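Our numbering numbers the first residue of the sequence shown as 1 and each following residue consecutively.
Positions of the beta carbon are idealized from the N, C-alpha and C atoms, including for glycine.
In this text, all values refer to a predicted model and were calculated from it rather than measured experimentally.
Structure record follows, encoded as C-alpha cells.
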Amino acid sequence: MTCKERILSNDYADTLVYILLPEEYNYDLPIDYCYHHLANEWGILYVDRNNAQYNRAGQFAYSVLPKCYGLMECTAAQDRNLNTLSLTASGILSIQGEPLNLTGKNVTIGFIDTGIRYQDNVFRDFAGRSRIAGIWDQTIQTGAPPEGFHYGTEYTNEMINEALASDNPLSIVPSTDANGHGSVMASIAAGSSIENGSFIGAAPDSQIVVVKLKEAKTYLRDYYKIPPGVPCYSEADILQAIQYLQKYVLILTKPLVICLGIGTSFGDHTGSGMLGNYINYISMLKSRVIVTAGGNEGNASHHFFGKLSENQPYQDVELRVGENEKGFIMDLWGNVPYFYNAVIRTPGGETARWNNPRSYIPQEFAFVYERTRVVIEYQLVESLSGAEVIRFRFSDPSQGVWNIRIISEGNTVGGQFDIWLPITEFLLSDTYFLEPSPYTTITEPGYIDSAVTVAAYQTSNNSIAATSGRGFARNNAIVPEIAAPGVDVSTPYGSRSGTSMAAAITAGGCAQLMEWAVVNSNDILVNSVNIKNYLIRGAKRDEYLEYPNREWGYGRLDVAGVFEFLAGIGRRV
Numbered sequence: 001m002t003c004k005e006r007i008l009s010n011d012y013a014d015t016l017v018y019i020l021l022p023e024e025y026n027y028d029l030p031i032d033y034c035y036h037h038l039a040n041e042w043g044i045l046y047v048d049r050n051n052a053q054y055n056r057a058g059q060f061a062y063s064v065l066p067k068c069y070g071l072m073e074c075t076a077a078q079d080r081n082l083n084t085l086s087l088t089a090s091g092i093l094s095i096q097g098e099p100l101n102l103t104g105k106n107v108t109i110g111f112i113d114t115g116i117r118y119q120d121n122v123f124r125d126f127a128g129r130s131r132i133a134g135i136w137d138q139t140i141q142t143g144a145p146p147e148g149f150h151y152g153t154e155y156t157n158e159m160i161n162e163a164l165a166s167d168n169p170l171s172i173v174p175s176t177d178a179n180g181h182g183s184v185m186a187s188i189a190a191g192s193s194i195e196n197g198s199f200i201g202a203a204p205d206s207q208i209v210v211v212k213l214k215e216a217k218t219y220l221r222d223y224y225k226i227p228p229g230v231p232c233y234s235e236a237d238i239l240q241a242i243q244y245l246q247k248y249v250l251i252l253t254k255p256l257v258i259c260l261g262i263g264t265s266f267g268d269h270t271g272s273g274m275l276g277n278y279i280n281y282i283s284m285l286k287s288r289v290i291v292t293a294g295g296n297e298g299n300a301s302h303h304f305f306g307k308l309s310e311n312q313p314y315q316d317v318e319l320r321v322g323e324n325e326k327g328f329i330m331d332l333w334g335n336v337p338y339f340y341n342a343v344i345r346t347p348g349g350e351t352a353r354w355n356n357p358r359s360y361i362p363q364e365f366a367f368v369y370e371r372t373r374v375v376i377e378y379q380l381v382e383s384l385s386g387a388e389v390i391r392f393r394f395s396d397p398s399q400g401v402w403n404i405r406i407i408s409e410g411n412t413v414g415g416q417f418d419i420w421l422p423i424t425e426f427l428l429s430d431t432y433f434l435e436p437s438p439y440t441t442i443t444e445p446g447y448i449d450s451a452v453t454v455a456a457y458q459t460s461n462n463s464i465a466a467t468s469g470r471g472f473a474r475n476n477a478i479v480p481e482i483a484a485p486g487v488d489v490s491t492p493y494g495s496r497s498g499t500s501m502a503a504a505i506t507a508g509g510c511a512q513l514m515e516w517a518v519v520n521s522n523d524i525l526v527n528s529v530n531i532k533n534y535l536i537r538g539a540k541r542d543e544y545l546e547y548p549n550r551e552w553g554y555g556r557l558d559v560a561g562v563f564e565f566l567a568g569i570g571r572r573v
C-alpha cells in the first residue's frame, strides 16, 4: 500500500508524533505505517488502526490524537450591501491611498479553509488574470500533489489562468468551494475592487494561496461524535497545509500572512498541542505572521470553571442535554498537584462513580434505566501541557439535566478546574452548562503566544459581539490581542458574521504592514510577534475600559493608527 493510500484510508489513523523518521532510512517498526515530517522532531504517522501495538499505545494519549476543527462563522446573511465600513473602521482603507499606498503588493496571504471560487472576479486582476498563485486541493486525488506531499492535487497560477480562458474551467481546474467560507474570507482579506468600486478587500494587490482541507476521516468524526454534514477538519491536514504555505515565502522580499478561520474547543486552552507548537515555530521565523479567529463560543455556555478548597472539596456541575442529542465529548482540565474523581447522576437519578485510577485504560459506565453510555478517558500528566485531563464521552445521552460532581481527593485537596463542551457546530442539539463561565472561551489555536488572535465587534455601535470568544487563557496568558469588525461584514457573497470575518480583515491589515515593513524595507526582520506588537501599539482604546481586556484584548484594530504612533501623533480614543 502506498503512503497516499494510507493517508486517505479510514483504516489508518492520523497520529501526531514527536519522533524523527527520515524517509531515506528503513526502520524495522512492528507496525504498518507512513511518516510525514513537519519540522524538528514533529511528524505525522499514519498507522494501521487494527495493529495491536497501535491499539495499546493509543488507549488515550491526548497529544497524539489529532483534534477536529470547525469553521468560525456563526451567521450568514444573504444581502449584498457592498460597502467598506469595516475597512474604514479598521484604519485599512485610508492607507490604501496616498501617501502610504499599502495594498499588499508582493505579500502572500494564505488561507486554509473550504477552498476558493477561483472563477469569481474578486480574485482576478484588472486584466482578468487570476491573483491566485496556487491551490492545494486536498480533496482531489486525480492530479499531482505538491512536491514533498503525498495526497491531493496542486493547481498552479498557470493552470488556473488556462482554466479561466477556457469554455469549461472546471474541466481543467476542478477545485470548488461549495461551502463558500473560504471564498468569503479570501475576498475580505485580499479581494480585488469590484462592483464599480463598491467592494474592495483589505489587501487587493496581494498574492493569494489556498489550501482546501479534506474532511476528517470517518473514525475521527465518530470518535469526536461530530454530527453528520458538519464540516470537520483533522489537525494532521491543517499542519501539512501550514507547511505547504511556507514554499511561498521569500525571506526579506515576499512575506507570508496565514489566515486561520477554523477552531475547536478541544485542547488545554494554553496552546500547548502540536498545532500550537508548530505555529509558534513558524511565527518566530522572519517575514511571517499568523492570524487566528478567536471563535464564537462567548455566549454558548460551553465552559464551566470550578474552584475547590479543603472546606469545599467538591462542586456540582449541571449540564443540560438537549433533545435528540446523539453524543458529545466533554474535557476537564486541572493543574498539579490536584487530582479529581467524578460522580455522574443522570436526569433519572441513577449514579455512577468514577474513582480516579491514575491509569490510561478507559472506563465505561452504563445505566439501568438510561440508554446512555459514558466512557471516561484519563491522563494524570498530559504529555505536552503537564496538566491532568479527564475526557467524558457521552453516547445517546438522555435529555434533561445531568449532574457531574467533581471531587478533589488525595493528599492535597483543592485547585481549579475547567470543563469545555465542543464548539456549537459540533453539537446536535442545545446542550450547555446551567452555570457557565463566558471567559476562557477563545477556541484553539487562538492561545498561541506568537500568533495574532482576533475577537469580533460590531461597528454600528462599537460593542463586542456577544458570540465572540473571550480570554484569557487557562494559564492567564493574554488573548485575544485585538478586536476587529465581525458582525454583518459586507462581502461579495452577502453580509457575514463571526470571528473568522474579523480574522480575515486583520490578515489583510497585516499584509499592509508586511508590505511597509518587508517589501518597502522599513523593518525587514519583522515576524509575527513584531506585527502583533505593531497592531497593539496602534489599537484604538476607550478611556472607560481597562487593558488588556478579556473581550477586547488591547483594543480595536486600527492599522492607520500604527503609522500615527510611529509618526509621534498622540493616540486617540
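Checklist entry - Helix, strand or coil for Y46 per DSSP? => result The count along the sequence shown starts at 1 and reaches residue 46 at position 46. Strand at Y46.
Checklist entry - Since F339 and P436 are thought to touch, with beta carbons under 8 Å apart, how far apart are those beta carbons, to the nearest angstrom? => result Mapped onto the sequence shown, residue 339 falls at position 339. Mapped onto the sequence shown, residue 436 falls at position 436. 24 Å between Cβ atoms; not a contact.
Checklist entry - Residues bridged to Y33 by DSSP? => result Here residue 33 corresponds to residue number 33 of the sequence shown, with the count starting at 1. Y33 is bridged to V47.
Checklist entry - Would you say F392 and I404 are within 9 Å of each other, going by their C-beta atoms? => result As a position in the sequence shown, residue 392 is number 392, starting the count at 1. As a position in the sequence shown, residue 404 is number 404, starting the count at 1. Closer than 9 Å, so yes.
Checklist entry - Taking the C-alpha atoms as reference points, what is the distance between V107 and K254? => result Sequence index remark: in the sequence shown, residue 107 carries index 107 (1-based). Sequence index remark: in the sequence shown, residue 254 carries index 254 (1-based). Distance between the alpha carbons of V107 and K254 is about 5 Å.
Checklist entry - So does the region 505–514 actually touch the region 101–119, counting three or more Cβ pairs closer than 8 Å? => result yes
Checklist entry - In whole angstroms, what separates the C-alpha of N280 from that of N161? => result Sequence index remark: in the sequence shown, residue 280 carries index 280 (1-based). Sequence index remark: in the sequence shown, residue 161 carries index 161 (1-based). Approximately 35 Å, taken between the alpha carbons.
Checklist entry - So E350 and F367 are in contact, right, with Cβ under 8 Å, and what is the actual spacing, rounded? => result Residue 350 sits at position 350 when you count from the first residue of the sequence shown. Residue 367 sits at position 367 when you count from the first residue of the sequence shown. 5 Å between Cβ atoms; contact.
Item to check | Which of helix, strand or coil DSSP assigns to N196 | outcome: As a first step, residue 196 must be located in the sequence shown, where it is residue number 196. Residue state, collapsed to three classes: helix.
Checklist entry - Relative to the alpha-carbon of A387, which residue among S166, D418, V487 and T142 has its alpha-carbon at the smallest distance? => result Numbered from 1 along the sequence shown, position 387 holds the residue referred to as residue 387. Checked all of S166, D418, V487 and T142; the closest Cα to A387 is D418.
Checklist entry - Taking C-beta to C-beta, are S398 and P347 nearer than 9 Å? => result Start at 1 with the first residue of the sequence shown, and residue 398 comes out as number 398. Start at 1 with the first residue of the sequence shown, and residue 347 comes out as number 347. Yes, these two residues count as a Cβ contact at 9 Å.
Next on the checklist: Just to confirm my understanding: we take G538, look at its own chain, exclude 5 residues before and 5 after, and list those with CB closer than 6 Å. What are they?
Outcome noted: What you label residue 538 is simply residue 538 of the sequence shown in a count that begins at 1. Counting only Cβ-Cβ distances below 6 Å, and skipping sequence neighbours, we find D558, G561, V562 and F565.
Checklist entry - Can you name the start and end residues of the alpha helix (DSSP H) that S171 belongs to? => result On the sequence shown, residue 171 is found 171 positions in, with the first residue counted as 1. Per DSSP, S171 belongs to the alpha helix (DSSP H) from P169 to I172.
Checklist entry - Taking just the CA atoms, how far does E409 sit from D316? => result As a position in the sequence shown, residue 316 is number 316, starting the count at 1. As a position in the sequence shown, residue 409 is number 409, starting the count at 1. Whole-angstrom Cα-Cα distance: 15 Å.
Item to check | Contact the region 482–496 vs the region 270–288: 3+ CB pairs below 8 Å | outcome: no
Checklist entry - How do the region 450–470 and the region 279–294 stand: do at least 3 beta-carbon pairs fall below 8 Å, yes or no? => result yes
Checklist entry - Which of helix, strand or coil does DSSP assign to E377? => result For the purposes of this step, residue 377 is taken as the residue at position 377 of the sequence shown. In the structure shown, E377 sits in a strand (DSSP, three-state: E or B).
Next on the checklist: Under DSSP, the beta strand (DSSP E) around S183 begins and ends at which residues?
Outcome noted: Within the sequence shown, numbered from 1, the residue matching residue 183 stands at position 183. Here S183 belongs to no beta strand (DSSP E); instead the alpha helix (DSSP H) covers H181 to A190.
Next on the checklist: Whole angstroms are fine: how far does the CA of I7 sit from the CA of L421?
Outcome noted: As a working note, residue 421 is residue 421 in the sequence shown. As a working note, residue 7 is residue 7 in the sequence shown. Taking the straight line from one Cα to the other gives about 29 Å.
Item to check | Contacting residues, own chain, Cβ-Cβ under 8 Å from L269 (five flanking each side not counted) | outcome: The residue labelled residue 269 in the question sits at position 269 within the sequence shown. According to the sequence provided, residue 269 is His. The question's Leu does not apply to it. Cβ neighbours of H269 beyond the five flanking positions: W333, D418, W420, T440, I442, E444, Y447, A473 and R474.
Checklist entry - Which whole-angstrom value is the C-beta distance of K217 and D14, which I expect to be below 8 Å? => result Here residue 217 refers to the residue found at position 217 of the sequence shown. Here residue 14 refers to the residue found at position 14 of the sequence shown. Rounded, the Cβ-Cβ distance is 7 Å, consistent with contact.
Checklist entry - Taking just the CA atoms, how far does K67 sit from F328? => result The residue given as residue 328 occupies position 328 in the sequence shown. The residue given as residue 67 occupies position 67 in the sequence shown. Those two C-alpha atoms are separated by around 14 Å.
Item to check | Contact under 9 Å by Cβ, V289 with I238 | outcome: Here residue 289 refers to the residue found at position 289 of the sequence shown. Here residue 238 refers to the residue found at position 238 of the sequence shown. Cβ atoms of V289 and I238: not closer than 9 Å.
Checklist entry - Is it right to say Q138 is buried, meaning 16 or more other beta carbons lie within 10 angstroms of its own, or is it exposed? => result For the purposes of this step, residue 138 is taken as residue 138 along the sequence shown, with counting starting at 1. Classification of Q138: buried, given that the 10 Å Cβ count is 16 or more.
Checklist entry - Got a sec? Which residues, its chain only, sit under 7 Å from Q458 by beta carbon, not counting five neighbours each side? => result Translated into the one-based positions of the sequence shown, residue 458 becomes position 458. Cβ within range, chain order: A465 and V487.
Checklist entry - Ordered along the chain, which non-local residues of its own chain (more than five positions away) have a Cβ less than 6 Å from that of W552? => result What you label residue 552 is simply residue 552 of the sequence shown in a count that begins at 1. Cβ neighbours of W552 beyond the five flanking positions: A483.
Next on the checklist: Please classify Q96 as buried or exposed, where buried requires at least 16 neighbouring CB atoms within 10 angstroms.
Outcome noted: For this step, residue 96 is matched to residue 96 along the sequence shown. Q96 comes out buried.
Checklist entry - What beta strand (DSSP E) runs, 3 residues minimum, are completely inside the region 95–154? => result 108–113 and 132–137
Checklist entry - Where does F111 land, buried or exposed, given buried means 16+ other C-beta within 10 angstroms? => result Translated into positions along the sequence shown, residue 111 becomes position 111. Label assigned to F111: buried.
Item to check | Which listed residue (L20, N51 and L45) has its alpha carbon closest to that of A39 | outcome: Your numbering for residue 39 matches position 39 in the sequence shown. Comparing Cα-Cα distances from A39 to each of L20, N51 and L45, the minimum goes to L20.
Checklist entry - Cβ atoms of Q363 and Y62: under 9 Å apart, would you say? => result Start at 1 with the first residue of the sequence shown, and residue 62 comes out as number 62. Start at 1 with the first residue of the sequence shown, and residue 363 comes out as number 363. For Y62 and Q363, no; Cβs fall outside 9 Å.
Checklist entry - Under a CB-based cut-off of 9 Å, is D542 close to chain D? => result Absence of chain D from the displayed structure is noted, only one protein chain being present.
Next on the checklist: Going by DSSP in three states, K212 sits in which element: helix, strand or coil?
Outcome noted: As a position in the sequence shown, residue 212 is number 212, starting the count at 1. In the structure shown, K212 sits in a strand (DSSP, three-state: E or B).
Next on the checklist: Assuming the contact rule is C-beta atoms closer than 8 Å, G295 and M72 should be a hit. Round their C-beta distance to whole Å, please.
Outcome noted: One-based indexing of the sequence shown puts residue 295 at position 295. One-based indexing of the sequence shown puts residue 72 at position 72. Right, their Cβ atoms sit about 6 Å apart.
Checklist entry - Are the Cβ atoms of S429 and V321 separated by less than 9 Å? => result To locate residue 429, count along the sequence shown from 1; it is residue 429. To locate residue 321, count along the sequence shown from 1; it is residue 321. Their beta carbons are under 9 Å apart, which means S429 touches V321 by this criterion.
Checklist entry - What are the partner residues of I258, as DSSP defines its beta bridges? => result As a first step, residue 258 is located in the sequence shown; it is residue number 258 there, counting from the start. DSSP output for I258 lists G110 and I290 as bridge partner(s).
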